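Note sheet for the following structure.
Number of protein chains: 2
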Amino acid sequence: MSKLDNIGFLGFDVFGTVVDWRSGVARAAEPFLRRHQIDIDPLEFADQWRSLYQPSMDRVRSGERPFVTLDVLNRENLETVLSKHSVDYGRIAEAELAQLNKAWEQLNPWPDSVAGLSRLKRKYSIGPLSNGHIAGMLNLSKFAQLPWDVIVGAEVAHSYKPQPQTYLKSAQTVGLTPERVGMVAAHNSDLAAARGSGLKTIFVRRPTEHGPDQASDLTAEQDWDVVAESMTEAADALGC
Amino acid sequence: MSKLDNIGFLGFDVFGTVVDWRSGVARAAEPFLRRHQIDIDPLEFADQWRSLYQPSMDRVRSGERPFVTLDVLNRENLETVLSKHSVDYGRIAEAELAQLNKAWEQLNPWPDSVAGLSRLKRKYSIGPLSNGHIAGMLNLSKFAQLPWDVIVGAEVAHSYKPQPQTYLKSAQTVGLTPERVGMVAAHNSDLAAARGSGLKTIFVRRPTEHGPDQASDLTAEQDWDVVAESMTEAADALGC
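Chains as they are written, first to last, in numbering that gives the first Met the number 0: chain L, 0 to 239; chain P, 0 to 239.
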């Protein structure tokens, strides 16, 4: 019996691991940028918006501000990016900004994601263990046909990965000890923190999450319990 | 356009509305009762155990005790019922009591539930808005093949229905105003409270939840937005 046989729940990083946020955000931003004559490549705009993601969560992680859900941070970060491009976002209709912020809930899955998740779901309970908020993960699942059983992660724990509380509270919420939870992610730092909290670790390589010149997370940096090139390969490795 | 067209999420009462708790708990209890020579009909045992459900939640609702999840209350209530039958539960193996308490996570759906939910899921996001805890709802969904998108309800809100907070926090968690959430339940009191918080109301009649002599909830006691004889009839009424 493998040490993986006792897993009851697989928790998934979503942005980058299950869905391709970069192309999806760029697609949603393109008409907005054109309408407001903001002269930037939509993919570059997506990268700039995303670059504020970790710093904005850091303020919550450090205790500098109380927990707020990711849609709130994404919206603040959108305003920051627009300001950097000298856009007076206060003059843009609220509904238009809110709509653009919903880009994070309308992202395409990687080509192997739905097939892999559907196979994994037959053997395990599955759900996001993401920094996304519950409503966003729910809306994204309907858009991308992600067959989650439950949604845990940052909002359930009121803390952002890689803080231990996010993993531990998520495991507790699905009724399992950390050792019976597998973390599935394309990011070595996420898996390192998950392992630090006792979870099993499944690395799915996503070498173009950040575009063709990606420099990070190109390889497994530790001996993760599973290392796979796709979600379907992860399903193979887990006997699904 | 009907006032129901704007619904985005359907929240379900589960025990009694989606699954048949009475026969399932009796089935799980039967070998336990036989093994410990407890002379009671298993269905009657299920009724007695269930009869402590509302009083135990009342202590949380009133503020007499802090919120604890339903598995904790069910376990305490099990010990109470055993004591009433002069069983010294302290002499029964912990694992055996824990296993019996899991009866609430291994209940059969009513014959129309899975077909109805599967149809409703194509048009709406769906999930338990139950007094059950998240892990229990998750395990039950795997046992009974309930195709939830998300799990909200008592544990998310740290309050038990029919307190308004349970409905309001569940709506907030799925990112919708109460008016855009439909409560699906076999219990008039649940729907009355949901309506009081602004939710839409879908009554699914379950006239044998409490057995052949059921006296409560045999009819719709208010003009609920939908009144149906089954989950598939509810799907018909909602155009799914």
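Virtual Cβ for every residue (Gly too), placed ideally from N, Cα, C.
Nothing here was measured: the structure is a model prediction, and the numbers come from that model.
Alpha helix (DSSP H) segment containing residue i, residue limits
i: V180(P); result: No alpha helix (DSSP H) holds V180(P); the beta strand (DSSP E) holding it covers 180 to 184.
i: A94(P); result: 93 to 100
i: Y159(P); result: Element bounds for Y159(P): n/a, residue is neither H nor E.
i: S140(P); result: 133 to 143
i: F44(L); result: 41 to 50
i: R74(P); result: 69 to 83
Run of the beta strand (DSSP E) containing residue i, from where it starts to where it stops
i: L128(P); result: 124 to 129
i: L9(L); result: 8 to 11
Rounded Cβ spacing between residue i and residue j (contact assumed at less than 8 Å)
i: A236(L); j: V225(L); result: 5 Å
i: G135(P); j: E104(P); result: 5 Å
i: R205(L); j: G15(L); result: 6 Å
i: F240(P); j: S158(P); result: The question about residue 240(P) has no answer, for chain P in this structure spans 0 to 239.
i: G7(L); j: S112(L); result: Wrong, their Cβ atoms sit about 21 Å apart, outside the cutoff.
i: L325(L); j: V80(L); result: In this structure chain L extends from 0 to 239, so residue 325(L) is not present and cannot be described.
i: V71(P); j: H35(P); result: At roughly 22 Å, the Cβ-Cβ gap does not stay under 8 Å, so V71(P) and H35(P) are not in contact.
i: L99(P); j: V18(P); result: Actually they do not touch by this definition, with Cβ atoms about 17 Å apart.
i: G197(L); j: P177(L); result: 3 Å
Residues bridged to residue i [DSSP beta-bridge criterion]
i: F14(P); result: V18(P)
i: F202(P); result: A184(P), V226(P)
i: V151(P); result: L128(P)
i: P146(L); result: Answer is none; P146(L) lacks a bridge partner.
i: P110(L); result: Looking at the DSSP assignment, P110(L) forms no beta bridge with any residue, so it has no partner.
Contact test: residue i Cβ vs the ligand NAD heavy atom, cutoff 7 Å
i: S169(P); result: The ligand NAD is not among the ligands present in this structure, which contains no ligands whatsoever.
Is the region 109 to 120 of chain L touching the region 131 to 147 of chain L in the sense that three or more CB pairs, one from each, lie closer than 8 Å? yes
Against chain P, which members of the region 132 to 146 of chain L pass a CB distance test of less than 9 Å? H132, I133, A134, G135, M136, L137, N138, S140, K141, P146
Taking a Cβ distance cut-off of 8 Å, strictly less, list which residues of the region 164 to 191 of chain P are near chain L, in chain order. Answer set for the region 164 to 191 of chain P: T172, V173, G174, L175.
Taking three-plus beta-carbon pairs below 8 Å as touching, is the region 123 to 134 of chain L in contact with the region 158 to 171 of chain L? As far as the Cβ criterion goes, the region 123 to 134 of chain L touches the region 158 to 171 of chain L, which means the pair count is three or higher.
Closer than 7 Å, Cβ to any Cβ of chain L: which residues of the region 109 to 129 of chain P, in chain order? S124
Decide yes or no for the touch test of the region 24 to 32 of chain P against the region 172 to 183 of chain P: beta carbon pairs closer than 8 Å, at least 3 of them. no
Could you list the residues in the region 146 to 157 of chain P with a C-beta less than 9 Å from some C-beta on chain A, going in chain order? The structure shown contains no chain A; its protein chains are L and P.
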